[in-house]
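In this note's numbering, the protein residues as written are 3 to 153.
Ideal Cβ placement from N, Cα and C applies to all residues, glycine included.
Structure follows, in structure tokens:
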């Protein structure tokens with residue numbers, strides 16, 4: 003019983019030492035980096051050549067318009083109708099934006115890519131990336147790496 007106060011003091015001192023060591027270990031040892039806000043470079047719109055086709059102008063205008071409509075990014079695999087199928091116009095991936103711009107200019111890129119993949123499907127066109135042995139209408143639009151020959 004005489005050792006109780008002495009033992010309490012030892013535990014108290016031990017707890018104080020542990021707290022001090024913990025606090026000392028929490029000190030900031032590294033200087034924080036200063037960040038500088040940098041404005042993006044100004045975009046310079048170059049005019050179309052005088053002999054540019056009206057379809058090219060319509061394509062460029064619809065592509066610019068699509069960037070204002072499609073504000074979300076969703077890479078989820080979604081079943082779409084063929085021909086003319088699409089995911090919600092507010093979301094999708096970059097190729098969805100491109101397909102929509104081409105459609106507005108009068109060319110159904112989804113249909114063109116699907117038919118090209120159907121007619122020339124094989125290892126060089128994505129067969130190795132797809133678990134089936136036929137092109138998927140859902141991947142015709144978003145299978146840009148397969149279509150461009152990149153692997």
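Start and end residues, alpha helix (DSSP H) containing residue 56: Start and end: 56 to 71.
Specify the secondary structure class of residue 46 as computed by DSSP and reduced to three states. For residue 46, the three-state secondary structure derived from DSSP is coil.
Suppose you measure from the CA of residue 79 to the CA of residue 99; what does that come to, to the nearest Å? Distance between the alpha carbons of residue 79 and residue 99: 16 Å.
Excluding the five sequence neighbours on either side, which residues of its own chain have a C-beta within less than 7 Å of the C-beta of residue 89, listed in chain order? Same-chain partners within the cutoff: 80, 82, 98.
Grab the span of the alpha helix (DSSP H) containing residue 115 for me, first residue to last. Per DSSP, residue 115 belongs to the alpha helix (DSSP H) from 111 to 121.
Under the three-state DSSP convention, the category residue 91 falls into: DSSP places residue 91 in coil when its eight states are reduced to three.
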